[in-house]
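Here the structure comes first, spelled out in structure tokens, and everything after it is commentary.
Residue numbers (this note's numbering): 8 to 424.
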């Protein structure tokens with residue numbers, strides 16, 4: 008593993024859009040034959056052209072609660088750090104990145120070489136998955152869960168073993184263990200996306216203790232700070248077969264600034280290079296994003312304050328929905344929730360767009376549920392008004408010529424970390 012990677016500069020996964028998949032073909036020959044269709048599929052998923060002006064954009068007054076962003080944006084401490092650091096931008100200043108990595112080491116009790124600082128967590132998530140799965144190394148994951156897991160399996164031609172969530176919408180770790188005798192990886196999102204629900208820490212520890220030798224547990228903690236659940240980063244410090252992903256996009260409000268980190272033993276981080284060759288131009292986190300991340304970590308009251316703001320607005324919204332007899336997935340500890348709209352979720356999404364409210368998508372396992380991000384109090388009040396109006400419409404009212412969803416760019420957190 009290169010010293011550059013050890014010191015915190017990541018290998019950003021161009022595999023997220025597969026635009027440079029040829030660089031990985033020598034490591035994974037099966038990918039060479041599938042580069043073009045895979046790239047086309049990735050383009051279709053993300054709505055390529057949406058950022059090029061080829062799709063209709065939402066109006067400026069649209070409430071966007073579709074992509075699990077934090078409406079509060081970066082903290083003042085982060086903005087101040089950006090302002091202070093920006094004048095240094097004429098030089099690379101790798102030492103600035105190292106300062107942030109050292110703060111991560113210190114806060115989480117991790118040893119040198121156990122952290123890769125990255126531009127967001129989407130890229131390293133792909134690398135964590137793809138470096139541990141393949142045609143003879145299946146992926147086991149919860150259903151429903153974040154799509155990046157099974158899409159990485161599709162890319163690597165790895166067999167997929169989706170396991171239904173428990174009745175409390177936790178990952179069913181015992182069923183996951185039984186799904187296959189020797190998978191390459193188990194993927195757990197905690198809190199889970201899209202349900203927002205928690206898998207108890209003790210369940211993840213049980214899976215770590217009982218999994219087959221050679222398998223790795225990948226835990227996506229993108230929404231961890233919104234919950235009251237204890238992290239499993241200490242299992243990285245204990246040298247377990249685990250990779251933990253964190254992002255600054257969510258509670259820290261830095262989705263557009265791109266900062267995150269992967270934590271794992273050095274040998275597991277080194278495997279990332281078997282997927283994407285070390286390309287410095289694709290690897291570096293900017294010094295301003297690094298400084299903002301460091302300032303956010305050192306802002307002692309930030310997480311608790313933002314957790315309470317999110318919890319209060321989420322609780323008020325869920326209380327409203329419950330009071331009006333709408334069915335929700337209970338137990339969300341994230342900045343989103345799911346609600347039953349009693350019709351295909353995509354149809355309801357169309358109806359809400361007509362009311363200038365952009366909500367999230369549905370999942371095949373819960374086709375009549377939509378995911379809704381928690382916005383500001385004012386945004387959620389607009390959501391409530393639009394939601395009741397659309398629920399009072401008969402199913403199918405948005406079908407036909409009135410609105411064609413593919414024409415619109417609906418913001419999504421997919422592949423953005």
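Note that CB positions come from ideal geometry on N, CA and C, so glycine has one too.
Since the model is a prediction, treat every value here as computed from it, not as a measurement.
Annotated as distal: residue 301 and residue 343, with beta-carbon spacing of 7 Å or more.
One alpha carbon belongs to residue 108, the other to residue 178, and they sit about 31 Å apart. The C-beta separation of residue 346 from residue 335 comes to about 5 Å, placing the pair in contact by the 8 Å criterion. Residue environment for residue 86: exposed (fewer than 16 other C-beta atoms within 10 angstroms of its C-beta).
Listed in chain order, the alpha helix (DSSP H) runs fully inside the stretch 201-231 are 208-217, counting runs of at least 4 residues.
For residue 193, the pairing in a beta bridge is given by DSSP as 147, 224.
Following the DSSP letters along the chain, one finds residue 183 inside the alpha helix (DSSP H) bounded by residues 180-186. Around the beta carbon of residue 95, fewer than 16 other beta carbons lie within 10 angstroms, which makes this residue exposed. In the DSSP assignment, residue 124 falls within the unbroken beta strand (DSSP E) covering 122-125.
Per DSSP, residue 93 lies in no beta strand (DSSP E) segment and is marked neither H nor E.
Counting only the Cα atoms, residue 340 lies some 21 Å from residue 132. A distance of 7 Å or more separates the beta carbons of residue 228 and residue 208. In the three-state DSSP reduction, residue 346 falls in the strand class (E or B).
Contact check between the stretch 377-391 and the stretch 68-76: three or more CB pairs, one atom from each, fall below 8 Å, which counts as touching.
For the stretch 358-385, the full-length beta strand (DSSP E) segments reaching 3 residues or more read 364-366, 376-380 along the chain. Going by beta carbons, residue 224 and residue 215 fall inside the 7 Å limit. When the five nearest sequence neighbours on each side are left out, the beta carbons in the same chain lying within less than 6 Å of the beta carbon of residue 183 are those of 147, 170, 193, in order along the chain. In this structure, the CA atom of residue 354 is about 14 Å from the CA atom of residue 373. In the three-state scheme derived from DSSP, where H, G and I count as helix and E and B as strand, residue 252 is classed as strand.
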